[in-house]
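Chains as they are written, first to last, in the working numbering: chain S, 10 to 648; chain U, 723 to 761.
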């Protein structure tokens, strides 16, 4: 629920400063949170360049923010120790944008019960509910899924929940710190009149017959067909895995019905990039032959190429048979373009073909690697469950592995390990400022509705272990011996991560597990550049400048609004200060006295005016009556 | 093998828990109020 008052709104592009005090990992996480705003809302962020009001993100004690734009020039938002999680940053920035917690909305008692005697004494004030005059729910239903909702254990004194949802299914839903919920976005987009976002481009699950405006090319030998199943597979689409009868479509290129070398080309509608880099993500199913392939092109339009020029971006070969697979393709397009999917029949027998579904295109960075875990639920029932990912290389050349622990009864842990690799002799050790982001993908068909859960860790080259070694030193020096499944020996360093990556309850919610498959998206990037101090520009008009010469009396607070200094005056239930500088005191009693005395004064004045008028009128007529005979012409005097 | 380093120390703490452990007494757990809102 949002704070009432237009004065609390920020401009759509919010100026920010990342303070020097911030931990390196927090800096990367904050920028990732900004990316989620850019994808799903019309809110954007820019480094502060002198604007009157801006948000200074710093490492204070804890995680906190003010509510709304306070017009104080530098507005602090703290991302302290252990607050460096994307959803926590999203939460605090939603406060800054003008939102309170979900369970404080005026109608919350219809949806949750606050169990007052389970709350830590003295903390009851944290469960305040606002009135409709103070906050606005923006005509959006109560949202148990909100990233702004307390969890059931908030401020509890024992182990029993302090918040009980009236619909019991939501007990373990409240308090999610994954991502914006659909209703979070609806409210934010209503409050800020959003109609588009910076980085979202297109999403298509092929449920509608218009196939999202995609077109079949005439320069090929076959067409892609919109179908809901193929005899040789897939049996259903990826969007809803066949759970909805009469729906669940995808596009299929039947390689079995064409000759070797024949192609089918499907082109997206025209797209208009803003940022110059894009990530194309889609699911692909191969029921044809391993030699069948999918080529991704872009058709880019420019002044010289009004019909567009075809540019090959990636050839996807060796597509595994018999299951949906997630693919990412990085694009770098600055002009108007189309995405082109070109299916190619390869040599060898085919009974099926290629199928694509759940396409998403956004102007975001693609993850660097994908860890596809099949038959995931079999690991959940294993009390010794633990999984190591295949080895991957970062863009800088560091070799790494992800470790997922499934031994805890309630939650899953995830850890990042450096391992010995082929480039180790050429790399810097201890490994400096590489940020690893591990994200479990919510496989909702639409990227805007996904609530993926991610955690980031950053390699600090100065960090030491108990044994005195540098934590992030070369794995061949500080690691322990390990073996890949094929028997190859290597060295693995200690893992660094979280035992509380995601709870089983949340894992089973959303679409984290779909078709018994789980995807962990991995990005390891150098964030050394975030170590530098952001230049401090001169503010266009700072609060200190304008308020330095503007004194508010009686504890009034000086604020800058629309470039002018104003006073916010204190007030109570039946008293207030007013005036340009809060110099005048008012109260309800004063008002009554003023109103009564004004009425009496007006009555007295009217009475006086009436009496004077009557007196004057009577006097005038008397005078006229006295002088009448002298002025009368006496006619017929003798008659 | 040495034990992995757990940044969460084995706990699954929400924003309010983190702030409470620090002894912070913020409004609704994580809201900083200005002078007018405090009144």
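Each residue gets a CB set at the ideal place from its N, CA and C atoms; glycine is no exception.
- Hey, does residue 481 of chain S have any beta-carbon neighbour from chain U nearer than 8 Å? So, not an interface residue.
- Query: What is the DSSP secondary structure of residue 101 of chain S, reduced to helix, strand or coil?
  - Reply: Here residue 101 of chain S carries a helix assignment [DSSP, helix/strand/coil].
- Item | Interface partners of residue 76 of chain S on chain U, CB under 7 Å | 753, listed in chain order.
- Backbone secondary structure at residue 241 of chain S - three-state DSSP: Here residue 241 of chain S sits in coil by DSSP.
- Query: Grouping DSSP H, G and I as helix and E and B as strand, with all else coil, what is residue 612 of chain S?
  - Reply: Note: residue 612 of chain S maps to helix in three-state DSSP.
- Rounded to whole angstroms, how far is the Cβ of residue 295 of chain S from the Cβ of residue 396 of chain S, which I believe are closer than 8 Å? Taking 8 Å as the upper bound for CB-CB distance, residue 295 of chain S and residue 396 of chain S are not in contact here, some 25 Å apart.
- Item | Below-8 Å beta-carbon distance, residue 142 of chain S vs any chain U residue | Chain U, which has no Cβ nearer than 8 Å to the Cβ of residue 142 of chain S, makes this no.
- What does residue 163 of chain S reach in chain U if we use C-beta pairs closer than 9 Å? Residues of chain U passing the Cβ test: 736, 738, 739, 751.
- Length of the line joining the Cα atoms of residue 494 of chain S and residue 124 of chain S: Those two C-alpha atoms are separated by around 52 Å.
- Message: Using CA atoms only, rank isn't needed, just tell me which of S:455, S:488, S:528 is closest to residue 48 of chain S.
- Response: Out of S:455, S:488, S:528, the CA that lies nearest to the CA of residue 48 of chain S is found in S:455.
- Would you please verify whether the beta carbon of residue 219 of chain S is less than 8 Å from any beta carbon of chain U? So, not an interface residue.
- Query: With C-beta atoms as the reference, is residue 290 of chain S less than 8 Å away from residue 324 of chain S?
  - Reply: No, the pair does not count as a contact, with Cβ atoms beyond the cut-off.
- Task: Excluding the 5 residues preceding and the 5 following residue 74 of chain S in the sequence, name in chain order all residues of the same chain whose CB lies nearer than 6 Å to its CB.
- Result: Taken in chain order, the residues that qualify are 86, 101, 104, 105.
- Which whole-angstrom value is the C-beta distance of residue 233 of chain S and residue 280 of chain S, which I expect to be below 8 Å? Not really, about 18 Å apart at Cβ, beyond 8 Å.
- For the alpha helix (DSSP H) that residue 484 of chain S lies in, which residues bound it at each end? Here the alpha helix (DSSP H) through residue 484 of chain S covers 484 to 487.
- Query: So, is the C-beta of residue 196 of chain S closer than 8 Å to a C-beta in chain U?
  - Reply: False, the Cβ-Cβ gap to chain U never drops below 8 Å.
- Query: So is residue 424 of chain S in contact with chain B if we call contact Cβ pairs under 8 Å?
  - Reply: Reference to chain B is not applicable here, since the protein chains of this structure are S and U.
- Residue span of the alpha helix (DSSP H) that contains residue 738 of chain U, given as start and end: Segment 737 to 743, the alpha helix (DSSP H) holding residue 738 of chain U.
- Using a C-beta cutoff of 8 Å, does residue 101 of chain S count as contacting chain U? Taking 8 Å as the CB threshold, residue 101 of chain S lines the interface with chain U.
- Message: Helix, strand or coil, according to DSSP, for residue 115 of chain S in the structure here?
- Response: The answer is coil: DSSP assigns residue 115 of chain S none of H, G, I, E or B.
- Query: If you run the structure through DSSP and keep just helix, strand and coil, what is residue 216 of chain S?
  - Reply: DSSP places residue 216 of chain S in coil when its eight states are reduced to three.
- Nearest candidate by alpha-carbon position, reference residue 466 of chain S, set S:533, S:154, S:352: It is S:533.
- The alpha helix (DSSP H) with residue 34 of chain S in it runs from where to where? Run containing residue 34 of chain S: 33 to 49, per the alpha helix (DSSP H) assignment.
- Query: Mind listing which residues of the segment 67 to 91 of chain S have their C-beta closer than 9 Å to chain U's C-betas, in chain order?
  - Reply: Hits within the stretch, in order: 70, 71, 72, 73, 74, 75, 76, 79, 81, 85, 86, 87, 89, 90, 91.
- Check the Cβ-Cβ distances between residue 362 of chain S and every residue of chain U, and say whether any is below 8 Å. Output row for residue 362 of chain S: interface = no.
- Message: Which residues of the segment 114 to 138 of chain S have a Cβ closer than 9 Å to any Cβ of chain U? Give them in chain order.
- Response: Here the close residues are 129, 131, 132, 134, 135, 136, 137.
- To which residues does DSSP link residue 427 of chain S through a beta bridge? Paired residues: S:409.
- Task: Determine the chain U residues that contact residue 466 of chain S at a beta-carbon separation under 8 Å, and present them in chain order.
- Result: At a C-beta separation below 8 Å, residue 466 of chain S has these neighbours in chain U: 729.
- Tell whether a beta-carbon distance below 8 Å holds between residue 144 of chain S and residue 114 of chain S. A contact, by the Cβ cut-off of 8 Å.
- Message: Using the three-state DSSP reduction, which class does residue 444 of chain S fall into: helix, strand or coil?
- Response: It is a strand residue.
- residue 128 of chain S, buried or exposed, once every other Cβ within 10 Å from all chains shown has been counted against 16: Burial call: buried.
- Task: Mind checking which residues open and close the beta strand (DSSP E) that includes residue 53 of chain S?
- Result: 53 to 56 is the extent of the beta strand (DSSP E) around residue 53 of chain S.
- Query: If you run the structure through DSSP and keep just helix, strand and coil, what is residue 368 of chain S?
  - Reply: Looking at residue 368 of chain S - three-state DSSP - the assignment turns out to be strand.
- Query: So what's residue 416 of chain S in DSSP terms, helix, strand or just coil?
  - Reply: Correct three-state label for residue 416 of chain S: coil.
- Message: I want to verify the contact list: residues of chain U whose CB lies under 9 Å from the CB of residue 497 of chain S, in sequence order.
- Response: Chain U residues near residue 497 of chain S: none, gap ~18 Å exceeds 9 Å.
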